[in-house]
Structure formats: C-alpha cells, structure tokens
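**Q** In this note's numbering, the protein residues as written are 1 to 186.
If you scroll down you'll find the structure; I have some questions about it.
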C-alpha cells in the first residue's frame, strides 16, 4: 500500500499531565476534539497512517492497555483510551511510540516494510500536531520528514490541532486563578 499522508501526533495531553486532576481549559478541550476529528478522517483515508508519539512510557502504556484499572491518573486513562480508539480505527496504519522515542530512518523503513507500506518522498505529505507546537511538534515533525527524505515543503504543522507556548501560558494563568479563587472562597 502506498502511503500519501503521514499524520503525526506528538505528546497529546502533555500539558494536562502536569495537573492531571485539574479541569481542562477550553483550549485543551477544543484541541482534543480536533484530534478525534483527525483520527476519524484518517480512518476513512486508506492511504494515510498515524505515527503516535505518546507522552507516556512504554511500561505505563502496556500496563494501561492490559488493565486500565491499575491507572489512577485521569489524563493517563484518557491517553490509554485514545490509543485504543486509534488502534481500533487504523489497525496496522497506527504506529505507536513511547515517551521520547525518536525513530531513525532504519526504524521507520523497517516498520513500514513489515506492514507493507511504501511511499514516494516527493509526493508524501506530513501533517503534524500535538503539544507543544514550537517544541516537540516541530521537532518530531521535522525529524520524521527528514529521516524519510520528505521535503520540508511537504510538511504541514497544524496550529489549530496543537497547543502552543502561548496556550500553555494562558492555561497556567487560568489554573492559578482557579486555585486562588477556590482558596479565597474557603
């Protein structure tokens, strides 16, 4: 199967992991919804695959996939459920990586070959989103395209489907204000 689109999601819910029991900010909820819309689109598009770079370690992912009741962190539970949905929707077109894994050309070439995927670097598009746009999303998106020989002109970084540094600053201020208001009310 010839792949024409490589979708990349990098560290979804990374910023939520810093305060897993706090409510999610509106921007986080919007981004999560955009990710789900993207996964649904990818399910229908048979010439696309998803490289999913989790914010969780392999041991936490595997434990959560075996028995999610062993995970008490709400954001980690959400991540496990998202991984399960992606795997169910995309099958072999879903390629999962654990925390801070950065595959090289040999890794990706072997993964693609074992799954029966081919691609034409000059024609293949890369779409990258996740957290945080200016750091990990740019880094993993550029690295993936580079190791696959895909030109930079074929990379799209989605601001709409990502949290930015500015978003994180706004979310942090929002959290602090919520805590101060809660403290003042008690």
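Using N, Cα and C, we set each Cβ at its ideal position, and we do this for glycine too.
Buried or exposed: residue 31, going by 16 or more other Cβ atoms within 10 Å of its Cβ?
**A** Translated into the one-based positions of the chain shown, residue 31 becomes position 31. Counting Cβ neighbours within 10 Å, residue 31 comes out buried, since at least 16 surround it.
**Q** Does the beta-carbon of residue 67 have 16 or more other beta-carbons within 10 angstroms, so that it is buried, or is it exposed?
**A** For the purposes of this step, residue 67 is identified with residue 67 of the chain shown, where counting begins at 1. Per the 10 Å Cβ criterion, exposed.
**Q** What residues are listed by DSSP as bridge partners for residue 125?
**A** Numbered from its first residue, the chain shown carries residue 125 at position 125. In DSSP, residue 125 forms a bridge with 5.
**Q** Does the beta-carbon distance from residue 2 to residue 118 come in below 8 Å?
**A** As a working mapping, residue 2 is identified with position 2 in the chain shown. As a working mapping, residue 118 is identified with position 118 in the chain shown. Yes, they are a contact pair.
**Q** How should residue 166 be labelled, buried or exposed, when 16 other C-beta atoms within 10 angstroms of its C-beta is the threshold for buried?
**A** Locating residue 166 in the chain shown gives position 166, counting from the first residue. Exposed, since its Cβ has fewer than 16 Cβ neighbours within 10 Å.
**Q** Taking residue 123 as the reference, which of 99, 47, 73 has the closest Cα?
**A** Taking the first residue of the chain shown as position 1, residue 123 is located at position 123. The candidate whose alpha carbon is nearest that of residue 123 is 47.
**Q** Please report how far the alpha carbon of residue 10 lies from the alpha carbon of residue 29, in whole angstroms.
**A** Residue mapping note: residue 10 aligns to position 10 of the chain shown, counting from 1. Residue mapping note: residue 29 aligns to position 29 of the chain shown, counting from 1. Straight-line Cα distance between these residues: approximately 16 Å.
**Q** Quick check on DSSP: helix, strand or coil for residue 144?
**A** Position 144 of the chain shown holds residue 144. In the structure shown, residue 144 sits in a helix (DSSP, three-state: H, G or I).
**Q** Which of helix, strand or coil does DSSP assign to residue 83?
**A** The residue you call residue 83 lines up with position 83 of the chain shown. Looking at residue 83 - three-state DSSP - the assignment turns out to be helix.
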